[in-house]
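A quick write-up on the structure given underneath.
Numbering (our numbering), first residue to last: 169 to 458.
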């Protein structure tokens with residue numbers, strides 16, 4: 169009888185482990201189904217978040233003379249300041265202008281979606297509590313706002329690139345593909361950081377400070393030429409580096425940055441996986457968190 173018990177115990181433990189794994193898998197599948205359902209409902213309500221995003225942009229510049237064109241002016245002014253202050257000695261001014269123009273374009277976009285996402289659900293508290301709109305509607309509302317604002321910066325960046333002597337060629341299509349990859353990752357990034365802010369309100373200040381400091385550890389305005397030390401690690405181990413490179417390298421050097429595309433693709437897929445799990449699991453609990 170004791171021998172049967174000895175043989176039965178591992179079998180029972182193994183059965184319990186299988187049950188736990190099965191339950192975990194079922195929970196993940198249910199979460200993914202819930203997330204897909206929320207996203208599909210939000211996509212069918214695209215007119216809602218498009219109208220809200222356009223209204224937000226208009227309200228931000230309603231009583232100004234230039235209106236949304238201030239977004240273009242701000243970008244050009246900041247780009248000119250960075251070039252004037254940080255241009256390395258002996259560097260070609262036109263080439264460095266193009267380098268910084270693309271770097272600032274991508275960095276400011278990433279900074280905006282990450283920093284503003286942390287407080288997204290708090291800002292939308294009245295809508296979340298007072299309506300039954302899918303949670304992904306608010307994600308897309310913010311994503312479209314950021315894309316519209318980035319559109320003005322893109323217009324200014326293209327003008328700067330052409331004035332700096334960057335020839336319009338087929339390599340620009342790879343840069344466009346890089347921008348498209350960043351846009352595809354945007355809703356996932358917003359979702360992840362919005363839930364982070366809902367669970368940990370202090371993360372709004374932590375993330376904001378990290379992004380401000382992170383700019384100096386990212387090759388936005390400084391050029392990496394194989395140096396050792398901090399710059400080496402800041403270049404190779406910084407995920408933001410690769411998001412900049414997929415847009416900048418095709419235009420600056422005419423090359424296809426395969427490694428950068430691979431890294432950004434892996435990061436984007438990982439963020440989307442996390443976003444779907446969070447959205448499916450906690451979309452109904454957000455109203456209690458805020």
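Backbone N, C-alpha and C fix where the C-beta goes; we use that ideal spot for every residue, glycine too.
Just so you know, these numbers come straight off a predicted model, no measurement behind them.
Residue 269 has its alpha-carbon roughly 28 angstroms from the corresponding atom of residue 359. Between residue 411 and residue 278, the beta carbon gap of about 6 angstroms places them in contact (Cβ cut-off 8 angstroms). Residue 455 and residue 289 have their C-alpha atoms spaced approximately 9 angstroms apart.
Cβ-Cβ separation between residue 220 and residue 309: approximately 5 angstroms, consistent with a contact (criterion under 8 angstroms). Within a 10 Å sphere around the beta-carbon of residue 389 sit 16 or more other beta-carbons, which makes this residue buried.
Going by beta carbons, residue 448 and residue 210 fall outside the 7 angstroms limit.
Across the set 228, 451, 453, the C-alpha of 228 shows the shortest separation from the C-alpha of residue 314. In this structure, residue 418 keeps its C-beta atom at 7 angstroms or more from the C-beta atom of residue 435. Selection 190, 217, 274, 226 evaluated against residue 387 yields 274 as nearest (Cα-Cα). In this structure, 319 is the residue among 330, 226, 319, 401 with its C-alpha nearest to the C-alpha of residue 276.
Contact between the stretch 281 to 301 and the stretch 368 to 382 is present, with at least three C-beta pairs closer than 8 angstroms. Distance between residue 334 and residue 294, taken at the CA atoms: about 47 angstroms. If you look at residue 320, you'll find it in the alpha helix (DSSP H) that goes 303 to 331. Under the three-state reduction of DSSP, residue 203 is assigned to helix. Restricting attention to 325, 414, 204, the CA atom closest to the CA of residue 239 is found in 325. Residue 357 holds the alpha-carbon nearest to the alpha-carbon of residue 282 among 213, 190, 357.
If you look at residue 400, you'll find it in the alpha helix (DSSP H) that goes 398 to 404. Spatial neighbours of residue 225 in its own chain (CB-CB distance under 8 angstroms, excluding positions within 5 residues in sequence) are listed in chain order as 236, 313, 316, 317. In the three-state reduction of the DSSP assignment, residue 338 falls in the coil class. In this chain, the alpha helix (DSSP H) harbouring residue 409 covers 407 to 420.
Taking a 10 Å sphere around the C-beta of residue 342, we find 16 or more other C-beta atoms and assign the residue as buried. Around the beta carbon of residue 355, 16 or more other beta carbons lie within 10 angstroms, which makes this residue buried.
In the three-state reduction of the DSSP assignment, residue 249 falls in the helix class, which pools H, G and I. Between the alpha carbons of residue 350 and residue 206 lies a distance of about 22 angstroms. With a cutoff of 7 angstroms on beta-carbon distance, residue 353 and residue 457 are scored as not near each other.
Just so you know, the alpha carbons of residue 380 and residue 280 end up roughly 11 angstroms apart. Counting only residues of its own chain and dropping the five nearest sequence neighbours on each side, residue 297 has a CB closer than 7 angstroms to the CB of 455. If you look at residue 447, you'll find it in the alpha helix (DSSP H) that goes 426 to 450.
Shown here, residue 297 sits in a helix according to DSSP, grouped into three states. In the assembly as shown, residue 265 is a buried residue. Its beta-carbon has 16 or more other beta-carbons within 10 Å.
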